[in-house]
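Numbering (my numbering), first residue to last: 37 to 501. Notes follow once the structure below has been shown.
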Ligand code: 5AD
Ligand code: SF4
């Protein structure tokens, strides 16, 4: 038996792709190992969204080089940097054995065999950005032991945001046919999954045979599924039909990630976001009327080329006004071949120290808002879907509220149960309390998911300098 280790960078799409890689490798009789040091195969599943993500990948590659030298481990690079750099990566890093794009995961057996048998260095980065693309079906056994799981509903992105590399690395939008999505959800429910998050770069423009709102409504009907989430959305595709689904179906979890990117109309225009702040707020108002108390999170870029102090103040003002549940905020990072990178000289770069100062102010404001929102939960009873034990204290339980707030609490309910927790304390990032009632016991008691042992996520922290 050979051992593999996958290091995952970036978004949920990558986390999910790493699971699919682990399934392909299992068929080749590879087993997962939790440390790279005894691996025979190391795969880096990379992200290209910001320069920092690429730097992180290069430094990880450097750390794995000794494993190659000492054990002859194969090193492969997949994901978005692989798609972007293609054979340049092989030339740049002499100890990388193969490079493969996100659409080439199913080809891993062939790629590995070419590397092993023919001693070739392989680059497979062909795109399939048409309806011919076959979405790899998840093996539900990979998720046994998990309570919440991601399900891919589409790939690629047809938007033209001037800062974004995704259309270059993931290609055009292709939706997964809805019966395929629902079958995967049902398979997951059978192994104990009770919450699914439907994922794609722009799920609201889903076109897999029914609308995205209809897909959500069908997903909650799958026996065993208690909550449905989704990410990520573009404000211009937030339809009235989707807002209505929030009004009528309580199992669609009251959390909406709606990236605004900036609070200034001129910057939004340069970003080619296709909405004004006023239009964004109008959508949000409708959503909040349909589902009072819905938690809204967002993404913000500070220091976009040409962003003035006044324009940054508008982002601060919007943050105050919306009172986001949370924000993922980033400093602008020019990406190869993107519109903004090509025009940065004309628009004017924001100096690095100004970007950092803006980011710090914004994050400080958001932390204050997070603290106020969680403090307001103290004394209330909240519903929690139990995911397991707390990572801070194995004697405590961990789960999330419908709004996706994390809760660590005293209690005895098993993973998969829905319980009520009385909130006794709060920090800006979590609620703490004690279990009062078990609302619903779990339907299945799954054993731990060993298949996950070799898949190490390296997700971005909520906020990043
Ligand atoms: N620089 C900084 N942040 C970026 N994002 C996307 N591209 C860039 C970039 N070039 C952010 C956006 C997006 C999130 C996933 O990453 O806010 O919504
Ligand atoms: Fe995900 Fe985008 Fe990063 Fe690719 S570049 S891993 S799609 S966040």
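By construction, the Cβ of each residue, glycine as well, lies at the ideal position given by its N, Cα and C atoms. Computed from a predicted structure; not experimentally measured.
Would a check of beta-carbon distances place residue i closer than 9 Å to chain B?
i, result
"residue 42", "Of the chains in the structure shown, none is chain B; there is only one protein chain."
Give the straight-line distance between the Cα atoms of residue i and residue j, rounded to the nearest whole angstrom.
i, j, result
"residue 158", "residue 147", "7 Å"
"residue 165", "residue 40", "29 Å"
"residue 247", "residue 190", "12 Å"
"residue 502", "residue 355", "Residue 502 lies beyond the stretch modelled for the chain, which goes from 37 to 501, so this question has no answer here."
"residue 360", "residue 61", "41 Å"
"residue 456", "residue 442", "13 Å"
"residue 223", "residue 389", "50 Å"
"residue 89", "residue 472", "42 Å"
"residue 270", "residue 291", "15 Å"
"residue 288", "residue 353", "29 Å"
"residue 81", "residue 112", "9 Å"
"residue 234", "residue 106", "41 Å"
"residue 137", "residue 94", "17 Å"
"residue 126", "residue 200", "24 Å"
"residue 176", "residue 56", "11 Å"
"residue 309", "residue 180", "39 Å"
"residue 426", "residue 381", "49 Å"
"residue 69", "residue 75", "7 Å"
"residue 267", "residue 236", "7 Å"
"residue 411", "residue 213", "42 Å"
"residue 265", "residue 194", "22 Å"
"residue 253", "residue 210", "21 Å"
"residue 362", "residue 67", "37 Å"
"residue 130", "residue 72", "19 Å"
"residue 145", "residue 64", "7 Å"
"residue 219", "residue 122", "34 Å"
"residue 476", "residue 128", "54 Å"
"residue 96", "residue 45", "10 Å"
"residue 256", "residue 104", "46 Å"
"residue 501", "residue 364", "In this prediction, residue 501 scores a pLDDT of 25, lower than 50, which makes its location untrustworthy; the coordinate-derived value is nonetheless stated afterwards. When rounded, the distance between both Cα atoms is 11 Å."
"residue 53", "residue 109", "21 Å"
"residue 38", "residue 432", "36 Å"
Quick one: does the C-beta of residue i sit closer than 8 Å to a heavy atom of ligand 1?
i, result
"residue 376", "yes"
"residue 397", "no"
Counting along the chain, where does the alpha helix (DSSP H) carrying residue i start and finish?
i, result
"residue 349", "345 to 358"
"residue 248", "248 to 256"
"residue 410", "388 to 411"
"residue 90", "87 to 107"
"residue 50", "48 to 63"
"residue 120", "115 to 121"
"residue 153", "144 to 154"
"residue 315", "313 to 326"
"residue 279", "276 to 284"
"residue 304", "301 to 306"
"residue 171", "Taken as a continuous stretch (DSSP letters only), residue 171 belongs to no alpha helix (DSSP H), as it is neither H nor E."
"residue 338", "From DSSP, residue 338 is part of no alpha helix (DSSP H) but of the beta strand (DSSP E) over 331 to 338."
"residue 380", "375 to 383"
Looking at the secondary structure, which residues open and close the beta strand (DSSP E) in which residue i lies?
i, result
"residue 456", "454 to 462"
"residue 38", "38 to 45"
"residue 363", "362 to 367"
"residue 235", "231 to 235"
"residue 433", "433 to 436"
"residue 159", "158 to 160"
"residue 424", "417 to 425"
"residue 446", "442 to 446"
Since residue i and residue j should fall inside the 8 Å C-beta cutoff, what is the C-beta to C-beta distance between them, to a whole number of angstroms?
i, j, result
"residue 367", "residue 391", "4 Å"
"residue 440", "residue 300", "No, residue 440 and residue 300 are not in contact; Cβ-Cβ is about 28 Å, not under 8 Å."
"residue 306", "residue 385", "About 13 Å separates the two Cβ atoms, so there is no contact after all."
"residue 437", "residue 420", "6 Å"
"residue 304", "residue 311", "7 Å"
"residue 187", "residue 221", "6 Å"
"residue 261", "residue 230", "6 Å"
"residue 336", "residue 398", "7 Å"
"residue 135", "residue 84", "Not a contact, Cβ separation roughly 13 Å."
"residue 459", "residue 395", "30 Å between Cβ atoms; not a contact."
"residue 418", "residue 452", "About 18 Å separates the two Cβ atoms, so there is no contact after all."
"residue 163", "residue 139", "6 Å"
"residue 274", "residue 294", "7 Å"
"residue 58", "residue 42", "7 Å"
Is residue i close to ligand 3? I mean its beta-carbon at under 8 Å from any heavy atom of the ligand.
i, result
"residue 59", "Of the ligands one can find in the structure shown, namely ligand 1 and ligand 2, none is ligand 3."
- Item | Pocket of ligand 1 (residues with CB nearer than 6 Å to any heavy atom), chain order | That query returns the following residues: 85, 86, 199, 200, 295, 297, 335, 337, 366, 368, 369 and 371.
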